[in-house]
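Just below is one structure, and these are the notes that go with it.
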Amino acid sequence: MSTLLIYAATVLIWGSTWIMIKFQLGIVPPQVSLVYRFALAAIALVIFAVWQQRRLRVPRRYWPMVATQGFFMFSANYYFVYHGTAYVTSGLVAVLFTSLVFLNAVNERVFFRTPISATGLVAGCAAIGGIGLMFWPEIQSLSLSDHTLKGIGLVLCGALMASFGNMAAIRNTRDKLPVVAVNALGMAFGTACSLALALFNHEQFTMD
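Residue numbers (the working numbering): 3 to 210.
As structure tokens, this is what we get:
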């Protein structure tokens, strides 16, 4: 598969996810939407792994870090993003979440002593600027009300949780764990966390 095709697929999938999140909000509570979303995703990955005859087993000593990745990347991250999207436009959510570039750079420095690249910082600024320009009409119409500030804070918390999940993913990659297996197990654990919170909050498992 060519680099251009992989890049185009990434842009399409990542770019459209914010619109899809907006569509998910409404009748179904956000926490329940997360349960539906990542339960289906985990099942889809397991089916894919079986079809491709990929290894799904992960040695038990790596489970804590796989669970850490699942919690931050597929539960806590989206918990804040879904709740934040209820207060701000999907365009602003996309712009705010691009702060992940800088959070990753800082956290890689903290956890792995990776030098912060000046080139990476410039590229991150360019990315935020480009996304900001695309969604400028939405951003321009915003008023900094209490609800908007709350939404911004929630989305930034989501980006921070995603960054922690990325740090766990880096560790799992360095341990040479199978990517599909780690993501399938991580999504299953993240789903379990979201399910536990939904049950604790007595959420209604409705369907639109």
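Glycine residues also receive a C-beta, built at the ideal position from the N, C-alpha and C atoms.
- Look at the region 96 to 159 and you find these whole runs of alpha helix (DSSP H), each 4 residues long or longer: 102 to 114, 120 to 136 and 138 to 142.
- The Cβ-Cβ distance between Met-163 and Asn-79 falls below 9 Å.
- By the beta-carbon neighbour count (other beta carbons within 10 angstroms, threshold 16), Ala-10 is exposed.
- Three or more beta-carbon pairs drawn from the region 84 to 103 and the region 157 to 174 are found closer than 8 Å, and the two stretches are therefore classed as touching.
- Using a Cβ-Cβ distance cut-off of 8 Å, the region 28 to 45 and the region 104 to 111 are not in contact, since fewer than three pairs of beta carbons, one from each stretch, lie closer than that value.
- The Cβ atoms of Glu-205 and Gln-33 lie closer than 9 Å to each other.
- For the pair Leu-199 and Met-136, the Cα-to-Cα distance works out to about 35 Å.
- Assignment of Tyr-89 by DSSP, reduced to helix, strand and coil, places it in the coil class.
- One alpha carbon belongs to Gln-71, the other to Val-181, and they sit about 12 Å apart.
- Residue burial is scored here from C-beta neighbours: Ala-128 has fewer than 16 other C-beta atoms within 10 angstroms and is therefore classed as exposed.
- Scanning the region 18 to 66 for uninterrupted alpha helix (DSSP H) segments of 4 residues or longer gives 32 to 53, listed from N- to C-terminal end.
- Per DSSP, reduced to three states, the secondary structure at Ser-4 is coil, with no helix or strand assignment.
- Burial of Phe-73 is indicated by the presence of at least 16 other C-beta atoms within 10 angstroms of its C-beta.
- Judged by DSSP in its simplified three-state form, Gln-71 adopts helix.
- In this structure the region 118 to 132 does not touch the region 60 to 70; the number of beta carbon pairs closer than 8 Å is below three.
- Rounded to the nearest whole angstrom, the C-alpha separation of Gly-167 and Ser-147 is 30 Å.
- For Asp-210, the closest of Gly-17, Ser-35 and Leu-6 by C-alpha to C-alpha distance is Ser-35.
- Between Ile-23 and Val-97, the CB-CB gap reaches or exceeds 9 Å.
- In its chain, beyond the 5 residues on either side, Tyr-89 have a beta carbon closer than 7 Å to the beta carbon of His-149.
- 9 Å or more divides the Cβ of Ala-194 from the Cβ of Leu-58.
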